[in-house]
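Numbering (numbering that gives the first Met the number 0), first residue to last: 0 to 491.
For every residue, glycine included, the Cβ atom is placed at its ideal position computed from N, Cα and C.
Notes for the one structure printed next.
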Amino acid sequence: MKNEKSQILQEQIERLAKLGADYVDARIYQFDSYETLRMFNGVLDESTALLEPGLGVRVLYKGAWGFAATSGKAEIEKCFDRALQNARAASEIVGLPIEMPKEDACSHTYKSPVERKYSDVSFSDKVAFMSDIDEKLKASHVKQRMMQLIFQEMNIYFLNSEGKETSRNLFNVFGKMGIFGIDSDGGSHRRTADLYSNGYGTRGYEMLANPELFANHAERIKKELSETLVAPKLEYGKRSLIMLPGQGFLQVHETIGHPLELDRILGYELSFAGGSFVKLDSFGKLRYGSDKLSVSAGCAYPNSPGTTGCDDEGTEQRTYLLIDKGILVNALSSRSSVCEANRKAGRTIFDASGASARSTSFYRPPIDRMTNVNVLPGNDGTLADIIANTENGIILDTPLSWSIGSNREHFHFGCEYGQIVKDGKITGTVKNTSYQGHTLDFYNSLSAVGNESTLELRQVENCGKGEPNQVLELGHGIPVMKFENVITGERK
Ligand SMILES: [Zn+2]
Numbered sequence: 000m001k002n003e004k005s006q007i008l009q010e011q012i013e014r015l016a017k018l019g020a021d022y023v024d025a026r027i028y029q030f031d032s033y034e035t036l037r038m039f040n041g042v043l044d045e046s047t048a049l050l051e052p053g054l055g056v057r058v059l060y061k062g063a064w065g066f067a068a069t070s071g072k073a074e075i076e077k078c079f080d081r082a083l084q085n086a087r088a089a090s091e092i093v094g095l096p097i098e099m100p101k102e103d104a105c106s107h108t109y110k111s112p113v114e115r116k117y118s119d120v121s122f123s124d125k126v127a128f129m130s131d132i133d134e135k136l137k138a139s140h141v142k143q144r145m146m147q148l149i150f151q152e153m154n155i156y157f158l159n160s161e162g163k164e165t166s167r168n169l170f171n172v173f174g175k176m177g178i179f180g181i182d183s184d185g186g187s188h189r190r191t192a193d194l195y196s197n198g199y200g201t202r203g204y205e206m207l208a209n210p211e212l213f214a215n216h217a218e219r220i221k222k223e224l225s226e227t228l229v230a231p232k233l234e235y236g237k238r239s240l241i242m243l244p245g246q247g248f249l250q251v252h253e254t255i256g257h258p259l260e261l262d263r264i265l266g267y268e269l270s271f272a273g274g275s276f277v278k279l280d281s282f283g284k285l286r287y288g289s290d291k292l293s294v295s296a297g298c299a300y301p302n303s304p305g306t307t308g309c310d311d312e313g314t315e316q317r318t319y320l321l322i323d324k325g326i327l328v329n330a331l332s333s334r335s336s337v338c339e340a341n342r343k344a345g346r347t348i349f350d351a352s353g354a355s356a357r358s359t360s361f362y363r364p365p366i367d368r369m370t371n372v373n374v375l376p377g378n379d380g381t382l383a384d385i386i387a388n389t390e391n392g393i394i395l396d397t398p399l400s401w402s403i404g405s406n407r408e409h410f411h412f413g414c415e416y417g418q419i420v421k422d423g424k425i426t427g428t429v430k431n432t433s434y435q436g437h438t439l440d441f442y443n444s445l446s447a448v449g450n451e452s453t454l455e456l457r458q459v460e461n462c463g464k465g466e467p468n469q470v471l472e473l474g475h476g477i478p479v480m481k482f483e484n485v486i487t488g489e490r491k
């Protein structure tokens, strides 16, 4: 990977080391493009393209971080100096000094699996693709139509003072279509479909163009919206909840992913995204869910937006368990948060970084983030099997609204689409669907997990965290899950 850029970074890193820096890392975003196309009722009403190349430098000096960034090629030396100055200033007031135990030099390259790059598809072809789907969404009961496509390509080079060197070429594509209708009471209803996969395909334009993953869902959501518009309201009551992956991904994201971010557990997000009910002494003993719940983090799915090869401090991604048969065993973590957690606990809780140090761009420092958080498929058969084994239940799909406790201890979700199950059969559609619960009680009521055939890799393009806010993309591999005695609907 040695080239002119890496030599310049190497010289600057060595210069700062001579000035007293304990650790330095630098990321060059040689290419960072973000293209958004949005269509409303057949009219392209947004087309934005952001290109953000630049350099971000992080310095550890006497236990304090300093960070600086620049997009000016003539500013490289100044940027390194500013990062060191910031770290020196912070070191005057630091409470608990940050430690980064030294790691060995290594070198990694990673490229997302791609057949056709987004930049190789013309603007007019992309708009024509959207217009074709917009035509499919038209129907007498559909009052409004929307669609959004996002294309991302990044080329990131990383070098640190330990000799870790990574080069990554990352591609992401996100697609969403939606329709809106009005019922006879004047209530507004929405049905949407997002681009998804089973996690093992590619991430180029061919993913979006695969009709099974996106375009074909236009007919399905039209049918489901028409059912919802004439459906009765969901009656309040406790019942079994069969959660489809289109809803399960956000349930898992909000009540397993976020509370297991180690910086949150350490209290660093309290003033912004919130804290976590999980404590350092919860690991290894907290029963988070029934023994049917096993959850992994990392790079199990090659075409997930959270699979990036390495994180933004050079740690190679691996797949590891967060929850093992219901017991909490690990967290989403970075090198410094692992070190701090172990020091605060007075014992080794975490033996390695979870490779979750991620930043949204060159001008933000990495923080502990979700990578991919996946529920492992179970042994309870197909969706049809799970329905057949349900006496009194509801099938729910797609988030409409959500409200989560700031420590993630409880939640309430509204959903776009619901179907009632009686004595093993679907008996009809209901509208105004919702459910609520306490996180640990809810996952301990998990009674069935579908097999591999029920698993979908759901994409998240807008996870927000940090101050200033950093928006990041990731994925969740989620099978069908069934929970018991769940409060559903709204009390009159
Ligand atoms: Zn999030």
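{"Asked": "Counted within 10 angstroms of its Cβ, other Cβ atoms place Phe271 as buried (16 or more) or exposed", "Found": "exposed"}
{"Asked": "Separation of Ile220 from Asp262, as counted between CA atoms", "Found": "39 Å"}
{"Asked": "Extent of the continuous alpha helix (DSSP H) to which Arg363 belongs", "Found": "No alpha helix (DSSP H) holds Arg363; DSSP gives it neither H nor E."}
{"Asked": "Separation of Leu395 from Ile241, as counted between CA atoms", "Found": "6 Å"}
{"Asked": "Pick from Thr306, Asn154 and Glu223 that is closest to Ile27, judged by C-alpha positions", "Found": "Asn154"}
{"Asked": "7 Å Cβ cutoff met for Arg407 and Ser275", "Found": "yes"}
{"Asked": "Burial state of Asp119, where buried means 16 or more other Cβ atoms lie within 10 Å", "Found": "exposed"}
{"Asked": "Euclidean distance between Cα positions of Lys232 and Thr370", "Found": "37 Å"}
{"Asked": "DSSP bridge partner residues for His107 (one or two, in chain order)", "Found": "Thr165"}
{"Asked": "Helix, strand or coil at Cys298 [DSSP, three-state]", "Found": "coil"}
{"Asked": "Whole-angstrom distance between Asn197 and Ala330, CA atom to CA atom", "Found": "24 Å"}
{"Asked": "Buried or exposed by the 16-neighbour rule on C-beta atoms within 10 Å, applied to Gln6", "Found": "exposed"}
{"Asked": "For Lys61, the nearest candidate out of Asp21, Ala82, Cys78 and Ala25 (CA to CA)", "Found": "Asp21"}
{"Asked": "Start-to-end residues for the alpha helix (DSSP H) that takes in Asp262", "Found": "Leu261 to Ile264"}
{"Asked": "Cutoff 7 Å; reference Pro100; Cβ partners in own chain excluding five residues on either side", "Found": "Cys338"}
{"Asked": "Start and end residues, alpha helix (DSSP H) containing Tyr204", "Found": "Tyr204 to Ala208"}
{"Asked": "For Ala68: DSSP bridge partner residues", "Found": "Gly55"}
{"Asked": "Cys338 CB to nearest heavy atom of ligand 1 below 6 Å", "Found": "no"}
{"Asked": "Buried versus exposed, by CB contacts within 10 Å (16 or more), Pro364", "Found": "buried"}
{"Asked": "CB contact flag (Val58, Ala86, <7 Å)", "Found": "yes"}
{"Asked": "Cβ neighbours of Leu249 in the same chain (closer than 7 Å, five flanking residues each side left out)", "Found": "Pro398 and Trp401"}
{"Asked": "Residues bridged to Arg81 (per DSSP)", "Found": "DSSP lists no partner for Arg81."}
{"Asked": "CA nearest to the CA of Met146, picked from Gly266, Ser289 and Ser46", "Found": "Ser46"}
{"Asked": "DSSP bridge partner residues for Ile419 (one or two, in chain order)", "Found": "Ile393 and Gly427"}
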